[in-house]
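Letter 323 of the sequence shown, counting from 1, is numbered 305 in my numbering, and no numbers are missing.
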Amino acid sequence: LVRHYEDWVWNQRAASGDGADPLIPSGDATDAAEEAQEDLRQKLVAAGADEEEADASLEALAQACEKCRRRFVRGRAGDSNAVVRLRRLDDERLAKFEVSGAGLKFEVHEMHLARCLSRCGADVGRIMKSLKKPSSGTRRPPPLDEAVLCRLFCLLARYAGACGATKGGGADQAACPDAALRAMRSAFGVDFECFASPFNARLTGFCSAFPDVDAHFGATGDFFSDDFEPRDGAFEVNPPFTVGIVRALADKLEALLDAAAAADAALEFIVVLPAWDEDAGDSEASLARRRIWERLRKMRHCRHVEKLPAKDHAFTLGMQHCSGRPKPALSGEDGEAWTAEHRTAGMATSLVFLRTAAAEQSNPVTEGKLAKIREGFRVAPPGKSADAGDVEPTAPSSKSRLVPGAQQSAKRSKPKKNVEPRLKAKLGKNPSPNPTPKRKAHSNPSENPKRKKAKHKGKKKTRRP
């Protein structure tokens, strides 16, 4: 149900016009908004609700949205004087921090906290050193600017609202593995993510859904904004997997590629989408997914479609900044000591290569390049399958705490030596099952010669004058 709510939020966002609230639907009775409502209704029925229950849920959701809109219009959305606090969690097993304020609490992994702070120019090393131990009532506040701390709180609150939960949600925020992004960069020069967040962005530049809070942490802006009009370059596109968003995405990509082709510029996009062409359902939602997938495939700029089989590739957790179990990164992986947890994809994924003729001529798609990208998606995910619940992460030791720019590798435990062959050699060819001889029991401790000797040794000798 949390996933259905997420899809509804993104579909409603695509249906809202300019100036609408980032999360609360505008309530306008447009065709796109009604399509989003019907999509959620069908999903609720498929999840086990009858039609009356589904209609009642949609009505309750609409009333809640209207209540939130009125509250924000009246200026009572929150307490502007609220104090925001940052502290390390007391549980030493978790490499997590808690950001709290206005009666709300959010958790964030150490690696993601450091990632966000480094993007806004904060002294991450000094901050992490001051927060090395759990905070107490007498502990001084961290050397973190109050404005930065408030922006971090707003960032965490925004994504918790978009994902529908502080933990366990965020399926539409799942990102490509770091290895796959590095393979795209090596093969095609991709160095910009069109749909990312300050928590999961791994390339040099990125667009995000919420520029009002994300811009403070390195986001360029919204992909659908008129300010984002690239004329050349290579981009990775991993949008929320909803029909409304992908339909708007296809419109903009086609316009950008047509303009670049007219200027004979090299522009390309690698679009990551589910293999919706394999959706055999007969519902309106299934038909809409197949139609939008076919539209991208039949676009005149489509040069290749690569399929990643189900169960043979992985994505990062959507709420990777507060869920999952981060693991030590291999030495040299972008300077970070830890990497987010991955989960195996339950369905096939399509990589749609949209490229102008100039981009294809200068750097064509080859099997060797595709093989590297496929290998980058084959991440061995720790833990459970994609549908399993989140597992709390184990904190790194004090010696391996994350420091920006540091490259740490996991320590390998030394294998224990096999002492059995040497023991057999000492005991002969037929060693007894119990080679250790039993000691003779003494009923009276005073009769034990070893104890007498030890007692004699224990006496302090005195020198004669």
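Ideal Cβ placement from N, Cα and C applies to all residues, glycine included. Note that the structure is predicted; figures quoted are calculated from it, not measured.
- If you check the CB distance, Phe181 and Arg97 come in under 9 angstroms.
- According to the DSSP assignment, Glu92 belongs to the alpha helix (DSSP H) that extends over Glu92 to Arg101.
- Within its own chain, the residues whose Cβ lies closer than 6 angstroms to the Cβ of Glu175, once the five positions on either side in sequence are excluded, are Ala183, Leu185, Phe188 and Glu218, listed in chain order.
- For Arg70, the uninterrupted beta strand (DSSP E) segment begins and ends at Arg67 to Arg70.
- About 6 angstroms separates the beta carbon of Ala247 from that of Ala340, a gap short enough to meet the 8 angstroms contact definition.
- Where Leu238 is concerned, the enclosing alpha helix (DSSP H) starts and stops at Val225 to Ala244.
- DSSP places Ile274 within a helical segment (H, G or I) once states are collapsed to three.
- Note on geometry: alpha-carbon atoms of Leu239 and Leu249 lie some 7 angstroms from one another.
- The C-alpha of Arg(-15) lies about 41 angstroms from the C-alpha of Ser344.
- Contact between Asn220 and Cys145 is absent: CB atoms are separated by about 16 angstroms, not below the 8 angstroms threshold.
- As DSSP reads the structure, Pro256 sits in a beta bridge with Thr331.
- The Cβ atoms of Ala18 and Ser8 lie no closer than 9 angstroms to each other.
- The region 351 to 360 makes contact with the region 154 to 172; the number of CB pairs closer than 8 angstroms reaches 3 or more.
- Per DSSP, reduced to three states, the secondary structure at Glu48 is helical.
- Just so you know, the alpha carbons of Trp(-10) and Val287 end up roughly 28 angstroms apart.
- If you draw a straight line from the Cα of Ala270 to the Cα of Arg277, it comes to about 11 angstroms.
- Thr331 is a Cβ neighbour of Ala257, given a cutoff of 9 angstroms.
- Rounded to whole angstroms, Ala77 and Gly107 show a C-alpha spacing of 15 angstroms.
- Considering only Lys289, Arg70, Val334 and Pro291, the residue with the shortest C-alpha distance to Leu231 is Val334.
- Secondary structure note for Phe135: it is in no beta strand (DSSP E), and the uninterrupted alpha helix (DSSP H) holding it is Glu128 to Cys145.
- In this chain, the beta strand (DSSP E) harbouring Leu290 covers Cys284 to Leu290.
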